[in-house]
Structure formats: structure tokens, C-alpha cells
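Visitor:
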Amino acid sequence: MTREIKTRIAPSPTGDPHVGTAYIALFNYVFAKKNGGKFLLRIEDTDQTRCRADSEKAIMESLRWLGLEWDEGPDCGGAAGPYRQSERQEIYLEHANILIERNEAYRCFCTPEILAKDREQQQKDGNRRFGYNRRCRNIEPEVSAKRAASGEPFTVRLKMPIDGTSVFRDELRGDISRPNEELDDQVLIKSDGFPTYHLANVVDDHLMGITHVIRAEEWIPSTPKHVRLYDAFGWEMPVWVHMPLLRNADKNKSKISKRKNPVSLQYYKEIGIFPETLVNFLALMGFSFGNDVEKFSLNEMTEVFSFEKISLGGPVFDLEKLTWLNGLYLREKSQNQLLDDVMSLYLNKEYLSKILPLVHERMKTITDFVDLTTFFFNADLDYSLEGRLMLPKTRTPKEMSALFEEAAEKIDVLVDYNHEELDRIFRGMAEERGWKIKEVFMPVRIACFARKASPPLFESMEVTGKERIRRRLRKAAEFIKTLPVQ
């Protein structure tokens, strides 16, 4: 009997919704729909120190904005739930114990100090392999059980084959092999009782009936461990499909990163990219529609989709092409549709009511509002007029560029993005460097608003929003490197 096709996207809610998540979700969604199957959303939130409820909400909202609706998930339920890994703890422990009983896994009592000494010794010995030395692998089961029962902390490790080669088949790449000597006895359960990605991922995929694991190629090195887990449990293997990674438009075509491209889906929404444009663009990153067609809908892609149409070349995330494509969609809209889009983005009462208090006292006429607030509506800014003011006479381009980059990083990890936190960040950076406040505040004002006179700095940054401010700081860091030392 043929199994029902099921695919999934399984993001970790540790930050802003990522374009890479949308890219992989798109291909999972399309393949499932093409084959009359189901697309699942699973939240991988076992890292409780980094996971955030607001991040989970933003991921769901962004995927729905793109039209990638799931059939089963945390908010809509399903027969294989729960769909948050933090709610499946007992399931993972039960399956880890099954592997221990079958002698496919073992308890490891090595402390972090022991592991550190082992790595140090391996380095002294010139051993090119710095993995775990398997010192607990052959402890007698009875002894292992007694030590665990006495309260001695332990992890659970998978018994990987020591000799030979692990081979698995990838739908896009054919057979992929890796020498077993390169593979550690992977930790499945950490000493705190939480599962690692590897165990939770495989157990969930099996119990949720996932038939095709479509994910980024960066997971290829981990796949032999996952194959080994399927074998150890005696489960039917899914089809493995590893999509090519999104790349920056640099000379090295490096993996897409926030330092070279905005990676938050929220950013593209905020600068007026249509969801259908972004879906079309992400599809072009790994898929050829055929007949040199570049503009197509989600439904049209689904109709013609097959894995044979996926290219393994490194797809370049080209912002110029994205905006070009968005222009095609924009010009197809009626003026009434476009007017609705324009008004819903920024020309709405809710957004304008946040701006008006910041410029009220500066206005003499109603039309002053337009001149005083243009930077609240722009995506990128033009630094050609005021850009030199980002460089105080007392500082070098290198110093200011480093400050902007550091500021972008600090803002990136802010949970509460507000003017109080922004004030704290930039005053702290001035204090750490021993700089005067004006050496930080004025350059930041120019970087974020491209003008030396603006409404209150941090309140304006708050209203402008986290995504555009991060982008502007990074663009300012690039611009300032082109300035001569004063």
C-alpha cells in the first residue's frame, strides 16, 4: 500500500522568520500539494534558553503571509500531535530507552571535564580525529543501569558503526557516502534530559509519517546519523532531498547571511515586496519552470513541479532581481488594488499616529509633516549628501564601521525592541569605547535617517522598526569604509 505523501517544515523559534525557512517550506509545500499529500508545521523548541513565543508567532504569520498554509501544526492540531517538541519530552525518552534496551545506544557518564581532557590529549597525540573516544560504549548494561539509578548524570549516545562507509541516497544527488571513522557516537539525550536535534528530528518525522525529508544541503553531513537511527529502530526510511543553499551575491557566493543580505521575512514585507513576488523569487532559487519562464504563481509552480526541475547550482539571492520581479507584479495591479496596498503598508492611521507625536512640535504647516518624516517610509537611504557626517573628525572609518556593525548585532538579538533599550545599547557602546556621546549619537542619526536633524533619535528608530534599522546600520558600515580618513 502506498503511503500518503507528507512533508514538513520544522523551524526553531529563536529569532526572526528567515528567508531560508520560507525557501525550504515552499518546496515542501509544493511537493506535498503536487502529490495530493499533506504539509506539516513542527516547532523545534527544545533549546529552551533561546526559544521565544514571539518568534514562533512571527514564523507562523510570515508563512501564512506567503500563502504556505499547513495541514497539521501546533495551532490547528492533527493526529500526530503535539507539534511542539517541548511538549514531546516523554516520547523522546521512551525511544532513547528502546535503543538502550536493544544495545543500539548507551549511557555515557563522561563529564565535560573528562571530555575536555580527552580532546586535549588527542591534540597532543596529533590525532586528526577529535571526536568522542567511546570510553563508555562497552560498559556492561547492568553496571550502566546501576550508575544511572544512583543519580550519576549521563547522556545517551548512539552506537555508530566504527569501520566501513555509510551510504545513503539523495533524490537530487544520487548516492552520498561518508567514512564511518568520521562519525561520532552521537549524543541523543543530553544530561539535562532534553533530546538533541538528531533524535527528536528522526522520532518526530517517523511518528508524524513524513515520507520526504526536504531540507537544506547543510544537513547532508548529519544524514548518516539519521539513517543509522532509522536502521536502529527498524523503521522505513524517508526519501532524502537536500536543496542547494541560498547564496550571497559576492565573489565567493557565500551562504546567505544577515551581514550581506536582509534575511528576515519581516524586512521584505516592510519594504513593500508582495508575498507572491517573494514566493516566485524563492522558487527561482532552486527551480526551473521551463521555457525561460520566470514569473509564475504558486499554483502554476505546483502544477509543473518535479525534482527533475531543481538545479544544484548555488542560487544567488539577488536583491536587484527581487525588486525587478516585484515591479512586474506591481504593474499588473489595478490602481485600486495598488492604492489599498500602499495605504495598508505605511499610509494608515495606526502607523502615522506613531510618527506624528515625534514631529508635532517641529511642524508649522501640515505639509511640513512630509518633509520631516520621509525616512520613516524609505527602505534604503541615500548617504551622498550627509554621509560624511557619520565620520567624526576624532574617529577613523574603520572605527565607525565597526561601531555600526556591532550595533546591528546588538539590535539583532534584542527581544524588546524599544527606545529605552536602544538608548541603553548606544550609551553603553560609547562608554565601552571611552567616546563622547556625540561621537556616537550623530553618526547613528545619519546612518539611520540620512539627515543631521530629525525627531528624537531612539523614538524614531523604534517607530522605523528593527529590520530597516539593522539594514541601514549595515549599509552605513559599508558606505563609511569608502570615506577618506579626515
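Here the sequence shown is numbered in the working numbering, starting from 55 and rising by one per residue. For each residue, glycine too, the CB sits at the ideal point set by N, CA and C.
1. Pick helix, strand or coil for residue 279, following the three-state DSSP scheme.
2. Pick out whichever of 82, 89, 114 has its Cα sitting closest to the Cα of residue 69.
3. Please classify residue 397 as buried or exposed, where buried requires at least 16 other C-beta atoms within 10 Å of its C-beta.
4. Please tell me whether residue 146 and residue 257 are closer than 8 angstroms, where the distance is taken between their beta carbons.
5. In whole angstroms, give me the CA-to-CA distance for residue 128 and residue 117.
6. Is residue 320 closer than 8 angstroms to residue 133 when the C-beta atoms are compared?
7. Over the uninterrupted alpha helix (DSSP H) stretch that includes residue 335, give me the two end residues.
8. Buried or exposed for residue 334, please, with buried defined as at least 16 other CB atoms from any protein chain shown within 10 angstroms of its CB.
9. Mark residue 64 as exposed unless 16 or more other C-beta atoms lie within 10 angstroms of its C-beta, in which case mark it buried.
10. Find the nearest neighbour of residue 288 within the set 295, 294, 280, judged by alpha-carbon distance.
11. Should residue 190 be labelled buried (16 or more other beta-carbon atoms within 10 Å of its own) or exposed?
12. Just to confirm, are residue 355 and residue 371 a CB contact at a threshold of 8 angstroms?
13. Report the three-state DSSP secondary structure of residue 497 (helix, strand or coil).
14. Closer than 7 angstroms by C-beta to residue 431: which residues in its own chain qualify, once you throw out the five before and the five after it? Chain order, please.
15. Residue 332 and residue 227: beta carbons closer than 8 angstroms?
16. Between the Cα of residue 96 and those of 254, 369, 486, spot the shortest distance and give me the residue it belongs to.
17. Ignoring anything shorter than 3 residues or poking outside the region 228 to 276, list the beta strand (DSSP E) runs there in chain order.
18. Taking only runs of the alpha helix (DSSP H) that begin and end inside the region 92 to 121, which ones reach a length of at least 4 residues, in chain order?
19. If you measure from the CB of residue 446, is any heavy atom of the ligand FAD nearer than 7 angstroms?
20. If you measure between the beta carbons of residue 521 and residue 318, is that distance less than 8 angstroms?
21. Would you decide whether residue 502 is buried or exposed? Buried here means 16 or more other CB atoms lie within 10 Å of its CB.
22. What are the start and end residues of the beta strand (DSSP E) that includes residue 375?
23. According to DSSP, simplified to helix, strand and coil, what is residue 312?
24. With distances taken Cα to Cα, identify the nearest neighbour of residue 368 among 216, 308, 75, 265.
25. Looking only at its own chain, which residues have a Cβ that is under 7 angstroms from the Cβ of residue 278, when we skip the five neighbours before and after it?
26. Please determine, among 124, 87, 61, the residue with the shortest C-alpha to C-alpha distance to residue 357.
27. In three-state DSSP terms, what is residue 358?
28. Would you report the Cα separation of residue 273 and residue 163, rounded to the nearest angstrom?
29. I need the DSSP call for residue 146, collapsed to helix, strand or coil.
30. Give the DSSP bridge partners of residue 297, in chain order.
31. Run the CB neighbour count on residue 268, radius 10 Å, all protein chains shown included, and call it buried at 16 or more, exposed below.
32. Quick one: give me the first and last residue of the alpha helix (DSSP H) that residue 518 is part of.
33. Can at least three beta-carbon pairs, one atom from the region 482 to 489 and one from the region 413 to 423, be found at a separation below 8 angstroms?
34. Under three-state DSSP, which class holds residue 211?
35. Which residues bound the beta strand (DSSP E) around residue 221?
36. Between which two residues does the beta strand (DSSP E) carrying residue 57 extend?
Guide: If we stick to the structure as given:
1. As a first step, residue 279 must be located in the sequence shown, where it is residue number 225. Here residue 279 sits in helix by DSSP.
2. Numbered from its first residue, the sequence shown carries residue 69 at position 15. The candidate whose alpha carbon is nearest that of residue 69 is 114.
3. To locate residue 397, count along the sequence shown from 1; it is residue 343. Per the 10 Å Cβ criterion, exposed.
4. Taking the sequence shown and counting its residues from 1, the one referred to as residue 146 is at position 92. Taking the sequence shown and counting its residues from 1, the one referred to as residue 257 is at position 203. Against a cut-off of 8 angstroms, the Cβ pair of residue 257 and residue 146 comes out as a contact.
5. The count along the sequence shown starts at 1 and reaches residue 128 at position 74. The count along the sequence shown starts at 1 and reaches residue 117 at position 63. Taking the straight line joining both Cα atoms gives about 14 angstroms.
6. As a position in the sequence shown, residue 133 is number 79, starting the count at 1. As a position in the sequence shown, residue 320 is number 266, starting the count at 1. No, these two residues do not count as a Cβ contact at 8 angstroms.
7. Residue 335 sits at position 281 when you count from the first residue of the sequence shown. 329 to 338 is the extent of the alpha helix (DSSP H) around residue 335.
8. Taking the sequence shown and counting its residues from 1, one reaches residue 334 at position 280. Burial call: buried.
9. For this step, residue 64 is matched to residue 10 along the sequence shown. Buried, because 16 or more other Cβ atoms sit within 10 Å of the Cβ of residue 64.
10. Here residue 288 is taken as the residue at index 234 of the sequence shown, counted from 1. With distances taken between Cα atoms, residue 288 lies closest to 280.
11. Mapped onto the sequence shown, residue 190 falls at position 136. It is buried - the Cβ of residue 190 has at least 16 other Cβ atoms within 10 Å.
12. Residue numbering aside, residue 355 sits at position 301 when the sequence shown is read from its first letter. Residue numbering aside, residue 371 sits at position 317 when the sequence shown is read from its first letter. For residue 355 and residue 371, no; Cβs fall outside 8 angstroms.
13. Taking the sequence shown and counting its residues from 1, the one referred to as residue 497 is at position 443. Correct three-state label for residue 497: helix.
14. Along the sequence shown, one-based indexing puts residue 431 at 377. Excluding positions up to five away in sequence, the list reads 400.
15. In the sequence shown, counting from the first residue as 1, residue 332 sits at position 278. In the sequence shown, counting from the first residue as 1, residue 227 sits at position 173. Not closer than 8 angstroms, so no.
16. Reading the sequence shown from its first residue, position 42 is the one you call residue 96. Nearest option by C-alpha distance: 254.
17. 228 to 233, 241 to 243, 266 to 270
18. 107 to 119
19. With respect to small molecules bound, the structure shown includes none, and the ligand FAD cannot be examined in it.
20. To locate residue 521, count along the sequence shown from 1; it is residue 467. To locate residue 318, count along the sequence shown from 1; it is residue 264. Their beta carbons are under 8 angstroms apart, which means residue 521 touches residue 318 by this criterion.
21. Counted from its first residue, the sequence shown places residue 502 at position 448. The residue in question, residue 502, is buried, as its Cβ has 16 or more Cβ neighbours within 10 Å.
22. Here residue 375 refers to the residue found at position 321 of the sequence shown. Not the beta strand (DSSP E): residue 375 falls in the alpha helix (DSSP H), residues 373 to 386.
23. Mapped onto the sequence shown, residue 312 falls at position 258. Here residue 312 sits in coil by DSSP.
24. Taking the first residue of the sequence shown as position 1, residue 368 is located at position 314. Of the candidates 216, 308, 75, 265, the one whose C-alpha sits nearest the C-alpha of residue 368 is 308.
25. The count along the sequence shown starts at 1 and reaches residue 278 at position 224. Here the set comprises 220, 222, 232, 237.
26. For this step, residue 357 is matched to residue 303 along the sequence shown. Taking only the C-alpha atoms, the option nearest residue 357 is 87.
27. The residue labelled residue 358 in the question sits at position 304 within the sequence shown. Correct three-state label for residue 358: helix.
28. In the sequence shown, counting from the first residue as 1, residue 273 sits at position 219. In the sequence shown, counting from the first residue as 1, residue 163 sits at position 109. The straight-line gap from Cα to Cα measures roughly 28 angstroms.
29. Sequence index remark: in the sequence shown, residue 146 carries index 92 (1-based). Helix at residue 146.
30. Within the sequence shown, the letter at position 243 stands for residue 297. Bridge partners of residue 297: 270.
31. Position 214 of the sequence shown, counted from the start, is the residue given in the question as residue 268. That one is buried.
32. To locate residue 518, count along the sequence shown from 1; it is residue 464. Run containing residue 518: 511 to 518, per the alpha helix (DSSP H) assignment.
33. no
34. In the sequence shown, counting from the first residue as 1, residue 211 sits at position 157. Strand at residue 211.
35. Taking the sequence shown and counting its residues from 1, the one referred to as residue 221 is at position 167. Taken as a continuous stretch (DSSP letters only), the beta strand (DSSP E) holding residue 221 covers 219 to 224.
36. Locating residue 57 in the sequence shown gives position 3, counting from the first residue. Looking at the DSSP string, residue 57 is not in any beta strand (DSSP E), and its letter there is neither H nor E.
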